[in-house]
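Visitor: Okay, here's the structure, questions in a sec.
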Amino acid sequence: MRRALFSLLWMLILSISMRDVGYAQAPSTPPTLPTMKPEQRGLMVFQQVCSSCHSIQFVHYGDMSALQPSRTALKNWAQQHHAKIDEPIASPYPNVAVGKAANGGDYPPDLSHITRTIKGGPDYIRNVLTGYRPTPPDITLAPNTYYNPVALTHHHHFKMRPPLHDDMMSFPDGTKATIPQMAADVTNFLQWVDDPHRTTRHFIGTAVLLYLLVFSTILFTLWRVIQKEEG
Ligand code: HEC
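Printed below as a string of structure tokens:
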């Protein structure tokens, strides 16, 4: 009996070590890429491109933790903007005059609620970001002005330098950074920014509903029990 047990143990140990060897020799599988939500890629676009001109001052750097879980990364980003993690994502310009002077006379608007407040909403923003075209020969543009037939401001004479270029960044999830892709992702991000606490609120709403449901079931059962005892 004892010998049988021993040999069983040996076989177990052997099989485990063989399995390890097998693992070591197996061809290495390609690393799986992390999955990212569009608004997470959009945060990257905002960080690397838009934030050099635009503020989203109604949210703080720390509010981005729902999209970027690394607190250190957020702290570093805030630090690059001479801010702390619990401070608003402010404009890079010290005042409106400097911001205007740097952008052909127009101030880059705050983007906190832009998807809701701008005429045309998210569709317009996506289209503007992908809407730059070569200047037609019969049009002369002022300095620091760009032709964008989608832009409603100044009859298509847009003051925002084309911010997106194909492959200007690389997304960790392997998504190709084309202009339409980045435009869609950053618009998603701006929609999220418009109400960053929506998900938490929905969660609390559902929790409250569940609580009420359970509570009323208990009350109802109690009521039935009492009725039975009385009747
Ligand atoms: C180099 C500075 C600069 C960068 C970078 C930049 N913008 Fe702008 N943006 C501007 C300026 C200036 C305006 C105002 C343009 C005007 O009124 O002609 C503007 C206007 C806008 C508008 C309003 C458009 C309208 O029709 O009123 C949106 C939306 C916008 N930018 C989004 C973005 C997004 C998203 C990014 C990043 C992908 C970005 N911007 C990057 C300078 C910039």
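The opening residue of the sequence shown carries number 1 in my numbering; numbering runs sequentially from there. Where is the CB? At the ideal position from N, CA and C, for every residue including glycine.
Suppose you measure from the CA of ARG126 to the CA of ALA184; what does that come to, to the nearest Å?
Guide: Here the alpha carbons of ALA184 and ARG126 stand approximately 6 angstroms from one another.
Visitor: Using the beta-carbon count (16 or more within 10 Å), is ALA189 buried or exposed?
Guide: Looking at the sequence itself, residue 189 is Phe, so the reference to Ala does not match. Buried.
Visitor: For the region 143-160 against the region 84-99, are there 3 or more C-beta pairs whose distance is under 8 angstroms?
Guide: Verdict: no, contact absent.
Visitor: Whose C-alpha, out of LEU74, HIS81 and PRO34, is nearest the C-alpha of SER52?
Guide: HIS81
Visitor: So THR115 packs on PRO109, CB below 8 angstroms; how close in whole Å?
Guide: In fact, because the Cβ distance is near 12 angstroms, the residues do not count as touching under 8 angstroms.
Visitor: Cα-Cα, which of PRO38, ALA83, ASN95 and VAL96 is closest to GLN68?
Guide: Residue PRO38 is the option with its Cα nearest to GLN68.
Visitor: Kindly identify the DSSP beta-bridge partner or partners of HIS157.
Guide: Residue pairing from DSSP places HIS157 in a beta bridge opposite TYR147.
Visitor: Identify whether VAL21 lies in helix, strand or coil by the three-state DSSP scheme.
Guide: At VAL21 the pLDDT is 47, less than 50, meaning the model places this residue with poor confidence and gives no usable figure here.
Visitor: In angstroms with no decimal places, state the Cα-to-Cα distance between ALA101 and SER55.
Guide: Answer to the nearest angstrom: the Cα atoms are 17 angstroms apart.
Visitor: At what residues does the beta strand (DSSP E) containing GLN57 begin and finish?
Guide: 56-60
Visitor: In whole angstroms, what is the alpha-carbon distance linking TYR147 and LYS159?
Guide: 9 angstroms
Visitor: Alpha carbon to alpha carbon, what distance is there between LEU222 and GLY231?
Guide: 14 angstroms
Visitor: Considering only their Cβ atoms, is the gap separating MET36 from MET169 smaller than 8 angstroms?
Guide: No. Outside cutoff.
Visitor: Report, in whole angstroms, the separation of the C-beta atoms of CYS50 and PRO149, which I expect to be a contact under 8 angstroms.
Guide: Between PRO149 and CYS50 the Cβ distance is about 21 angstroms, and since that is not below 8 angstroms, they are no contact.
Visitor: With a threshold of 16 other CB atoms inside 10 Å of the CB of GLY105, please say whether the residue is buried or exposed.
Guide: exposed
Visitor: I believe ASP166 touches THR175 by the beta-carbon criterion, under 8 angstroms. Please report the beta-carbon distance rounded to the nearest angstrom.
Guide: Your pair ASP166 and THR175 does not check out as a contact, with CB atoms roughly 13 angstroms apart and the cut at 8 angstroms.
Visitor: Check the DSSP bridge columns for ILE89 and list the partner residues they point to.
Guide: DSSP, once it has assigned bridges, lists ILE56 as partnering ILE89.
Visitor: What separation, rounded to the nearest whole angstrom, lies between the Cα atoms of VAL208 and ASP195?
Guide: Cα to Cα, the separation comes out at about 20 angstroms.
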